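For reference, the structure is listed below as structure tokens.
2 protein chains.
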Amino acid sequence: MSAPLLEQLIEALRVLPGVGQKTAQRMAYQLLERERQGGKHLAEVLAVALDSIGHCRHCRDFTETEVCAICASASRDQHLLCAVESPVDRLAIEQATGYRGLYFILQGRLSPLDGIGPRELGLDALSERLAQGEITELIIATNPTVEGEATAHYLAQLARQQSVHPSRLAHGVPLGGELEYVDRGTLSHAFGTRSEMPK
Amino acid sequence: MSAPLLEQLIEALRVLPGVGQKTAQRMAYQLLERERQGGKHLAEVLAVALDSIGHCRHCRDFTETEVCAICASASRDQHLLCAVESPVDRLAIEQATGYRGLYFILQGRLSPLDGIGPRELGLDALSERLAQGEITELIIATNPTVEGEATAHYLAQLARQQSVHPSRLAHGVPLGGELEYVDRGTLSHAFGTRSEMPK
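Set out below in structure tokens:
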């Protein structure tokens, strides 16, 4: 019995991840009651962003320019390339580490059942780039899931074919974690790959 | 180091209730990666809705027409008026009960400290409407909070001045609740207003 336009708005808001009927309702009413200005701004930015944001020609990250800020920066180490599954992974590495090299965003992981193969991840472009000889190390930072590991193995092969050194993020017990709560696979791996205590 | 437009989008999404930095990031990436069509639709509907949706002339509910569907319906009981604080409350009553009368949406509650008085809640219009003599009962369904109760008392006075019978939703133990977990105030009230068991 609500106004049809209001129902359309509630339905449209459900496109957002994690937003169901109730949350969408709350959002719609909040926007109408208190945030008309912010809501209009959101509508404008959203329309422009979805129209203009594409992929960086080099690293496949989201950007509205042809080449993203990181790829265009002269101050980044041009010999290191870090492959991640998604832009959020790149963001996490950028915020947590002091890494100053370049990135390659796969925008997914190998998953033959879903029709995602090397072509969909842009691996032909990656291979060409490795063949140019400027990259010396490919840091493989795909997620430690079954598909992420498979993708990592594929990337390592690709790197070796072009004489680029592949490396993988260390697996093990997380800092600040308690052994009691670490899953068996991780604990077993950490035990097997233990290293000598530094003096 | 993200694309500025992407950052603008993430910032703009934070206008939604319950959406912080992390959620806004996830929403932006999800829209860009998988939901461009849905996102564009959302931008359009949002812009149109915020421009066109105003308040119903009679009940103050949100609607894009001058009079909302419920107020315009000839099949609703024109003698009953139910006052609620917000459109979601109206929706809840509409979905849960068989009520077929009309509504009046206060769009808030009396709160002198926040500068919300009778005028802000449209109570002059409500008073005029009650004076017309068609309404016989004012069902007061404000929330059972301190401010909601104060508003209810004010509304009851208003109704009596116009010889309209004011009524209030029953308070008590919720169905399916356990006494052990019911708050003291509610339990004490339910005990005091106990009624004879029907035969």
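These protein sequence lines are chains A and B, in that order. Under our numbering, the first residue of the first sequence is numbered 1, with each subsequent residue one higher. Under our numbering, the first residue of the second sequence is numbered 200, with each subsequent residue one higher. Using N, Cα and C, we set each Cβ at its ideal position, and we do this for glycine too. This structure is a prediction, so every number in the text was calculated from the model and none was measured.
Handout entry: Residues bridged to Pro-112 of chain A [DSSP beta-bridge criterion]
Key = Per DSSP, none; premise fails for Pro-112 of chain A.
Problem - Residue environment, Leu-179 of chain A, which counts as buried when at least 16 other CB atoms sit within 10 Å - result: Counting Cβ neighbours within 10 Å, Leu-179 of chain A comes out exposed, since fewer than 16 surround it.
Exercise for the section: Could you tell me which of B:Leu-301, B:Val-218, B:Gln-207, B:Ser-387 sits nearest to Val-45 of chain A, measuring between CA atoms? Expected result: When only C-alpha atoms are compared, the closest one is B:Gln-207.
Practice task
Mind listing, in chain order, the continuous alpha helix (DSSP H) runs of no fewer than 4 residues lying wholly within the region 232 to 291 of chain B?
Solution key: Secondary structure remark: continuous alpha helix (DSSP H) runs of at least 4 residues inside the region 232 to 291 of chain B, in chain order: 235 to 251, 268 to 271.
Problem - Exposed unless 16 or more other CB atoms sit within 10 angstroms - verdict on His-278 of chain B - result: So His-278 of chain B counts as exposed.
Exercise for the section: Determine the contact status of Arg-14 of chain A and Ala-28 of chain A, defining contact as a CB-CB distance below 8 angstroms. Expected result: Contact check for Arg-14 of chain A against Ala-28 of chain A fails: the beta carbons are separated by 8 angstroms or more.
Problem - Residue-level contact to chain C via CB, Gly-115 of chain A, 8 angstroms cutoff - result: Absent from the structure: chain C. Protein chains present are A and B.
Problem - alpha helix (DSSP H) segment containing Pro-4 of chain A, residue limits - result: Run containing Pro-4 of chain A: 4 to 13, per the alpha helix (DSSP H) assignment.
Practice task
Would you decide whether Ser-387 of chain B is buried or exposed? Buried here means 16 or more other CB atoms lie within 10 Å of its CB.
Solution key: Flag for Ser-387 of chain B reads exposed.
Practice task
Report yes if the C-beta distance between Val-164 of chain A and Leu-130 of chain A is below 8 angstroms; otherwise report no.
Solution key: Against a cut-off of 8 angstroms, the Cβ pair of Leu-130 of chain A and Val-164 of chain A comes out as a contact.
Practice task
Please state whether DSSP places Arg-225 of chain B in a helix, a strand or coil.
Solution key: The answer is helix: DSSP assigns Arg-225 of chain B an H, G or I state.
Practice task
Kindly indicate which residue of A:Lys-199, A:Pro-198, A:Val-182 has the alpha-carbon position closest to the one of Phe-191 of chain A.
Solution key: It is A:Val-182.
Exercise for the section: On the DSSP bridge assignment, give the partners of His-165 of chain A in chain order. Expected result: Its beta-bridge partners are A:Glu-137.
Practice task
For Ser-2 of chain A, count neighbouring Cβ atoms within 10 angstroms of its own Cβ and tell me buried if that reaches 16, exposed if not.
Solution key: Annotation note: pLDDT 49 at Ser-2 of chain A (below 50); position unreliable, coordinate value reported separately. In this structure Ser-2 of chain A is buried. Its beta-carbon is surrounded by 16 or more other beta-carbon atoms within 10 angstroms.
Exercise for the section: Helix, strand or coil for Leu-123 of chain A, going by three-state DSSP, please let me know. Expected result: In the three-state scheme derived from DSSP, where H, G and I count as helix and E and B as strand, Leu-123 of chain A is classed as helix.
Exercise for the section: Determine, using beta carbons only, whether Ser-167 of chain A and Glu-137 of chain A come nearer to each other than 8 angstroms. Expected result: Glu-137 of chain A sits close to Ser-167 of chain A, with the two beta carbons spaced by under 8 angstroms.
Exercise for the section: Show which residues of chain B have a CB atom less than 9 angstroms away from the CB atom of Leu-32 of chain A. Expected result: Chain B residues near Leu-32 of chain A: Ala-248, Leu-249, Ile-252, Phe-261, Pro-286.
Handout entry: Where Leu-215 of chain B falls: helix, strand or coil (DSSP)
Key = Coil at Leu-215 of chain B, not helix or strand.
Practice task
Quick one: grab the DSSP three-state call for Tyr-181 of chain A.
Solution key: Look at Tyr-181 of chain A here: in three-state DSSP terms it is helix.
Handout entry: Interface partners of Val-15 of chain A on chain B, CB under 9 angstroms
Key = Going along chain B in sequence order, the residues near Val-15 of chain A (Cβ under 9 angstroms) are Gln-229, Leu-230, Glu-234, Gln-236, Gly-237, Gly-238, His-240, Leu-241.
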